[in-house]
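Numbering-wise, the sequence shown is residues 1 to 238 according to UniProt numbering. For reference, the structure discussed in these notes is given below.
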Amino acid sequence: MNKNQKNKNFISCVESRILDFNQIYTRFHIGLFSKEDALNFSNNIRRILLTSIPGFVLTEINILGAQHHLDNIHGVRENVFDIVENLKKVIFTLETSILNFCKFSEFQGFININGPGIVTAADIKISPNIKILNSSQYIASLSWDAEFILNFKIKVVDPIQEKAKQQEPKDQKFFNIENIPQPIKKINYSIHNFAQIPEFEFIIFEIITDGSIEPKEALQYSIYKMTKLFYEFSIVSF
């Protein structure tokens, strides 16, 4: 094998499948790395995947007849706290790449339904650009005389920026929801010797997402994020 072949990098998608609850599993082979570089790469990418992948989160909610998180609403089995917790489980996504995804900010949605019946994510009305992945997600149960009117806001959030920024004044008509996106559900990696060249290594990387983002896009974003950080320091004069 010649020098050019030895230095050739690769990222191969070896396996990808849909799991239960719309989760997506993908296994990658990534290489080639000199000894120790594979471990450094894996640790940095894993940390970015777990802490820095943006996603939609519920930020504010207004429910007709509710003034407090523990209020009960006439004709609704759940109190406000339970409704909010159920609504936070709804998975929203946008049909675009993650780098464009980050440019979008805030969307508004609503539910307006009369009882009796079961309210699910399928009853949500929102921009046609937004896709709900788990439309069967339970939200509330209504009795025959219930009127359930709910307005909410979701936005694309960068977890790091969201944790760092100070709380901004919000519209007092809405309950403010503290929520950090967690699109990455599980990560595993292992490092292996490259059979043809023992002094080189490659990584088997496994990523499971909640379905709101493809594992491939999450990996690409993590590499972009890490490269951008190191590049910015590489051009600093000192």
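Cβ atoms here follow ideal geometry from the backbone N, Cα and C, with glycine treated the same way. Small disclaimer: the values here were computed from a predicted structure and weren't measured.
Item                                                                                                                                                                    : Value
For Leu-19, which residues in the same chain have their Cβ closer than 8 Å to its Cβ, ignoring the five residues on either side in sequence?                            : Tyr-25, Ile-208
At the level of alpha carbons, what is the spacing between Phe-81 and Ile-149?                                                                                          : 15 Å
Got a sec? Which residues, its chain only, sit under 8 Å from Ala-122 by beta carbon, not counting five neighbours each side?                                           : Ile-132, Ser-135, Ser-136
Rounded to the nearest angstrom, how far is the Cβ of Ser-52 from that of Phe-200, given a contact under 8 Å?                                                           : So it is not a contact: roughly 28 Å between Cβ atoms.
Just to confirm my understanding: we take Ile-187, look at its own chain, exclude 5 residues before and 5 after, and list those with CB closer than 8 Å. What are they? : Arg-46, Leu-49, Leu-50, Phe-205, Glu-206, Ile-207, Ile-208
Is Ser-143 buried or exposed, if buried means 16 or more other CB atoms sit within 10 Å of its CB?                                                                      : exposed
May I ask you to report which of helix, strand or coil DSSP gives Ala-164?                                                                                              : Only weak support exists for where Ala-164 lies, its pLDDT of 49 falling under 50; the value from the coordinates is given anyway. In the structure shown, Ala-164 sits in a helix (DSSP, three-state: H, G or I).
Across which residues does DSSP place Phe-107 in a beta bridge pair?                                                                                                    : Ile-154
On the criterion of 16 or more Cβ atoms from any shown chain inside 10 Å, does Lys-228 qualify as buried, or is it exposed?                                             : exposed
Suppose the cutoff is 7 Å on Cβ atoms and the five residues either side in sequence are ignored; what does the same chain contact list for Lys-216 look like?           : Cys-13, Thr-26
Which two residues bound the contiguous beta strand (DSSP E) that contains Leu-94?                                                                                      : 92–94
From the DSSP output, in three-state form, read off Pro-159 for me.                                                                                                     : helix
If Lys-125 and Glu-60 are in contact, beta carbons under 8 Å, what's the gap, nearest whole angstrom?                                                                   : So it is not a contact: roughly 16 Å between Cβ atoms.
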